[in-house]
Amino acid sequence: MTSDAAILERASRASPQARAVRPEFTELLERARQLSQVLRERAQQTERDRRVSKGVTAMLIEAGLYRAVQPRRFGGLELSLEELRQLAFEVGRGCTSTGWCYGLSAANAWTLGMFPLEAQQDVWGDNPDTLLAACIAPTGKAVRVDGGYRLQGRWSFASNCDNAAWLALGSLVDEGEGKPPRPMYLLVPQSDYQIVDNWHTVGLAGTGSKDIAIDAEVFVPAHRSVSFSDVLEQQAPGALVHDDALFRIPFLSGFPPLLANPAIAALRGALDEFVESVATRATRGAFAGGGSTIAQFGHVQTAVAEAEAAIDAAQLILRRDLRLATELAASGAKISKEQRIEFRRGHAYAVKLCVQAINGLYDVVGGTGIHLHSGIQRAWRDINAVAHHISVNWNAVSTMAGQLRLGLPPRGQF
96 MTSDAAILER ASRASPQARA VRPEFTELLE RARQLSQVLR ERAQQTERDR RVSKGVTAML
156 IEAGLYRAVQ PRRFGGLELS LEELRQLAFE VGRGCTSTGW CYGLSAANAW TLGMFPLEAQ
216 QDVWGDNPDT LLAACIAPTG KAVRVDGGYR LQGRWSFASN CDNAAWLALG SLVDEGEGKP
276 PRPMYLLVPQ SDYQIVDNWH TVGLAGTGSK DIAIDAEVFV PAHRSVSFSD VLEQQAPGAL
336 VHDDALFRIP FLSGFPPLLA NPAIAALRGA LDEFVESVAT RATRGAFAGG GSTIAQFGHV
396 QTAVAEAEAA IDAAQLILRR DLRLATELAA SGAKISKEQR IEFRRGHAYA VKLCVQAING
456 LYDVVGGTGI HLHSGIQRAW RDINAVAHHI SVNWNAVSTM AGQLRLGLPP RGQF
């Protein structure tokens with residue numbers, strides 16, 4: 096296994112001049128594919144560490160991957176969200192937790208691009224490689240004061256927070272005068288919050304998605320805020336300062352595919368491992384047909400075929416929806432409620448396909464599949480963990496789509 100020290104050394108040897116030249120997407124994709132094998136070797140250690148290491152993070156930064164959808168004026172590449180999804184897929188097929196953290200933190204650069212320009216300068220002005228994490232659910236409490244907000248609270252699921260220097264925290268802002276609280280993202284530096292080391296989970300264990308606490312109120316300047324409604328309705332301040340339509344894509348049309356994507360990547364990695372190392376194994380004599388290879392059984396062949404089909408179908412759904420969202424935003428169109436809900440349906444259904452397929456593959460893996468070094472059992476746990484995220488959970492999202500189709504008021508986030 097490649098050690099963290101070796102990874103840090105390799106990252107330190109990377110040429111700064113090489114990163115100064117804007118790479119083509121195909122070059123970035125090849126870098127991601129090369130890193131995938133290193134990440135596969137480290138996947139079990141990442142799970143034990145309950146976070147993505149500093150060394151792996153440094154390697155991803157040096158490869159230029161974190162700048163995929165970062166604004167150009169801050170050193171980013173402004174690739175499409177579909178291109179980011181492809182990069183995260185290659186990273187995630189090696190290690191689901193690393194792919195999850197990379198995809199979300201890279202996407203958080205897209206979200207920051209929707210904040211006022213001054214907030215982006217605060218984060219990237221001195222270091223364009225500064226990483227962000229986020230807690231989407233508005234569980235924090237904030238009060239509007241002169242020049243900004245006073246914020247405190249506790250947040251869960253801050254994926255990759257150990258490697259981030261800033262956090263975007265979902266918060267409910269007290270508007271006063273009997274008005275309902277306003278959901279907003281408030282941007283805070285590392286010095287303003289504490290990481291609560293409580294991430295002990297059965298799946299996605301290496302994502303370090305710990306709690307965040309702000310016990311005593313902190314001041315957040317007004318320019319470090321953006322409302323949920325603005326990022327959902329294509330009215331974010333950043334859309335006025337960046338030319339690319341990337342920053343006019345509704346948040347819930349662009350972010351959930353990066354939540355669904357690790358499930359597909361995990362299934363790809365698990366299927367490759369199954370075909371390479373499990374299917375060729377001979378069965379024990381006590382089993383009917385003992386001595387035959389596992390690959391010779393019909394139910395195994397069916398499980399493999401279903402997994403391949405699920406990967407294909409799930410990627411097609413996400414690719415289609417991300418490209419359509421981008422095209423609509425580029426045309427200046429206001430993306431309709433109906434279209435946004437259709438996007439949400441696709442995000443969740445892609446994950447459902449992966450859950451069904453990995454459950455079928457794990458059913459035929461045999462006794463060796465219960466060992467912790469097996470990537471197949473890790474993918475089984477990780478994919479089912481992805482499916483528990485409210486944004487891509489089929490039970491949560493499908494009802495909203497069904498309500499719309501049946502002429503009922505849709506209840507959910509879109």
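Residue numbering for the sequence shown follows the working numbering, beginning at 96 and increasing consecutively. Quick reminder that beta carbons are idealized off the backbone N, C-alpha and C, glycines included.
My understanding is that residue i touches residue j, with C-beta atoms under 8 angstroms, so please give their C-beta distance in whole angstroms.
{"i": "Ala409", "j": "Ile359", "result": "5 angstroms"}
{"i": "Leu123", "j": "Gly159", "result": "6 angstroms"}
{"i": "Arg245", "j": "Ala232", "result": "Going by Cβ atoms, the distance from Arg245 to Ala232 rounds to 20 angstroms, so no, they are not a contact pair."}
{"i": "Ile485", "j": "Ala361", "result": "With 8 angstroms as the limit, Ile485 and Ala361 do not qualify as a contact, their Cβ atoms being about 19 angstroms apart."}
{"i": "Val487", "j": "Leu354", "result": "5 angstroms"}
{"i": "Val151", "j": "Leu134", "result": "7 angstroms"}
Within its chain, find whatever has a CB closer than 8 angstroms to the CB of residue i; leave out the 5 residues flanking it on each side and keep chain order.
{"i": "Arg435", "result": "Pro345, Leu347, Ser348, Phe509"}
{"i": "Phe342", "result": "Pro166, Trp205, Gly208, Met209, Ala331, Gly333, Ala334"}
{"i": "Gln451", "result": "Glu401, Ala405"}
{"i": "Leu423", "result": "Ile430, Gln434"}
{"i": "Pro223", "result": "Arg162, Gln165, Phe169, Gly170, Gly171"}
{"i": "Val373", "result": "Ile389, Val460, Gly461, Thr463, Gly464, Ile471"}
Measuring only between beta-carbons, confirm whether residue i sits less than 8 angstroms from chain B.
{"i": "Leu160", "result": "Absent from the structure is chain B; it holds one protein chain and no more."}
DSSP three-state label for residue i, please.
{"i": "Phe64", "result": "Summary: the structure shown does not reach residue 64, with the chain confined to residues 96 through 509, and so no result is reported for it."}
{"i": "Met279", "result": "strand"}
{"i": "Leu413", "result": "helix"}
{"i": "Val399", "result": "helix"}
{"i": "Leu176", "result": "helix"}
{"i": "Cys190", "result": "coil"}
{"i": "Thr206", "result": "helix"}
{"i": "Asp325", "result": "helix"}
{"i": "Leu501", "result": "coil"}
{"i": "Ser200", "result": "helix"}
{"i": "Glu185", "result": "helix"}
{"i": "Asp338", "result": "coil"}
{"i": "Ser493", "result": "helix"}
{"i": "Ser254", "result": "coil"}
{"i": "Ala109", "result": "Only weak support is given to the placement of Ala109: the predicted model assigns it a pLDDT of 42, under 50, and the question is left unresolved by the model."}
Please list, in chain order, all residues of the same chain as residue i whose beta carbon is under 7 angstroms from its beta carbon, the five residues on each side excluded.
{"i": "Asp310", "result": "Gln247"}
{"i": "Arg418", "result": "Glu177"}
{"i": "Val147", "result": "Thr141, Ser192, Thr193, Cys196, Asn255, Asn258, Gly301, Gly303"}
{"i": "Leu467", "result": "Gln139"}
{"i": "Pro118", "result": "Gly159"}
By Cβ distance below 6 angstroms, which residues in the same chain neighbour residue i in space, the five residues on each side in sequence not counted?
{"i": "Asp416", "result": "Phe438, Gly441"}
{"i": "Ala138", "result": "Cys190"}
{"i": "Gly507", "result": "Met495"}
{"i": "Ala260", "result": "Thr225, Gln285"}
{"i": "Arg114", "result": "Only weak support is given to the placement of Arg114: the predicted model assigns it a pLDDT of 47, under 50, and the value that follows is read from those uncertain coordinates. So the qualifying residues of the chain are Gly159."}
{"i": "Asp287", "result": "Val313"}
{"i": "Ser251", "result": "Asp306"}
{"i": "Gln498", "result": "Pro505"}
{"i": "Trp489", "result": "Ala443, Lys447"}
Between the Cα of residue i and those of the options, spot the shortest distance and give me the residue it belongs to.
{"i": "Ala443", "options": "Ile412, His466, His295", "result": "Ile412"}
{"i": "Thr302", "options": "Gly462, Gly243, Asp257, Val321", "result": "Asp257"}
{"i": "Ser431", "options": "Gly507, Glu328, Leu353, His337", "result": "Glu328"}
{"i": "Asp306", "options": "Leu281, Asn255, Leu353", "result": "Asn255"}
{"i": "Arg376", "options": "Arg363, Asp367, Ala365, Ala390", "result": "Ala390"}
{"i": "Phe314", "options": "Asp269, Phe350, Gln216, Gly243", "result": "Gly243"}
{"i": "Gly235", "options": "Ala214, Ser469, Met279", "result": "Met279"}
{"i": "Ala317", "options": "Val268, Val186, Arg145", "result": "Val268"}
{"i": "Val240", "options": "Asp221, Gly271, Gln216, Leu134", "result": "Gly271"}
{"i": "Arg143", "options": "Gln289, Pro211, Val297", "result": "Val297"}
{"i": "Ile336", "options": "Thr152, Gln215, Ser322", "result": "According to the sequence provided, residue 336 is Val. The question's Ile does not apply to it. Cα-wise, what sits closest to Val336 is Gln215."}
{"i": "Arg277", "options": "Ser322, Asp221, Ala482, Arg363", "result": "Ser322"}
{"i": "Ala425", "options": "Asp338, Met154, Arg473", "result": "Asp338"}
{"i": "Leu130", "options": "Arg188, Leu262, Leu174", "result": "Arg188"}
query: What are the complete alpha helix (DSSP H) segments, minimum 4 residues, inside the segment 418-476?
result: With a minimum length of 4 residues, the continuous alpha helix (DSSP H) runs that stay inside the segment 418-476 are 432-458.
- request: Just list the alpha helix (DSSP H) runs in the segment 125-166, keeping only unbroken ones of 4 residues or longer that don't cross its boundaries, in chain order.
  value: 149-157
query: Hey, which unbroken runs of the alpha helix (DSSP H) at 4 residues or more fall wholly within the segment 347-372?
result: The segment 347-372 contains, as complete alpha helix (DSSP H) runs of 4+ residues, the segments 351-368 (chain order).
task: Would you mind listing the beta strand (DSSP E) stretches within the segment 214-252 that are 3+ residues and don't spill past its ends, in chain order?
output: Taking only runs of at least 3 residues, the beta strand (DSSP E) segments lying wholly in the segment 214-252 are 227-240.
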